[in-house]
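In our numbering, the protein residues as written are 47 to 154.
I have placed the structure first, in the form of structure tokens, so that the comments after it can refer back to it.
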Amino acid sequence: MNEASRLSVTMRAQLSQLIEIGERPDVTVRVLPFAVGAHAAIEGPFVLLRFSGEYEPDVAYVEGAMGDLYLESVEEVRRYTLLFEHICELALDPKETAIMVAAAAKEF
């Protein structure tokens with residue numbers, strides 16, 4: 047098997063697994079299409095950590111070239127929450143995402 051064939055099989059399997067995982071009730075998979083263009087999240091990845099405990103504040107974890115940050119202030123977390131909500135508005139909904147990912151899987 048040549049490398050292109052192996053990569054094609056691997057990519058198809060990964061995309062199929064992504065569709066399968068997206069069907070779980072505790073997981074949401076959404077694609078942000080390239081057609082959206084430049085957007086606020088283009089600066090880099092971040093994770094919002096939400097805790098149910100009264101004494102555990104929510105955290106925004108931000109990865110950067112100069113190091114990683116754990117932001118705990120209410121205002122900082124709120125900014126990243128608003129950013130996440132904005133990204134969700136731009137992204138395809140879960141059903142549209144599954145259709146797009148399935149179409150991409152067929153191309154491999």
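Glycine included, each C-beta is placed from N, C-alpha and C at the ideal position.
Continuous beta strand (DSSP E) stretch holding L78: start and end: Residue mapping note: residue 78 aligns to position 32 of the sequence shown, counting from 1. L78 -> no beta strand (DSSP E), and no H or E assigned at all.
Secondary structure of L115, DSSP reduced to three states: Looking up residue 115 in the sequence shown gives position 69. Strand.
Exposure label - A148; buried when at least 16 CB within 10 Å: Here residue 148 is taken as the residue at index 102 of the sequence shown, counted from 1. Burial call: exposed.
Reduced DSSP category for V73 - H, G, I as helix; E, B as strand; rest coil: By one-based count along the sequence shown, residue 73 stands at place 27. Of the three classes helix, strand and coil, the one that applies to V73 here is coil, per DSSP.
Given 8 Å, three or more beta-carbon pairs between the segment 115 to 131 and the segment 93 to 102: Counting Cβ pairs under 8 Å, three or more are found: they touch.
Terminal residues of the beta strand (DSSP E) in which L94 lies: In the sequence shown, the residue the question calls residue 94 occupies position 48. Per DSSP, the unbroken beta strand (DSSP E) holding L94 starts and ends at F92 to L95.
First through last residue of the beta strand (DSSP E) which encompasses A106: What you label residue 106 is simply residue 60 of the sequence shown in a count that begins at 1. DSSP places A106 in the uninterrupted beta strand (DSSP E) bounded by V105 to V108.
Proximity below 8 Å, CB of Y107 to CB of Y116: As a first step, residue 107 is located in the sequence shown; it is residue number 61 there, counting from the start. As a first step, residue 116 is located in the sequence shown; it is residue number 70 there, counting from the start. Y107 is a Cβ neighbour of Y116, given a cutoff of 8 Å.
F154, DSSP secondary structure in three states: Reading the sequence shown from its first residue, position 108 is the one you call residue 154. Looking at F154 - three-state DSSP - the assignment turns out to be coil, as it is neither helix nor strand.
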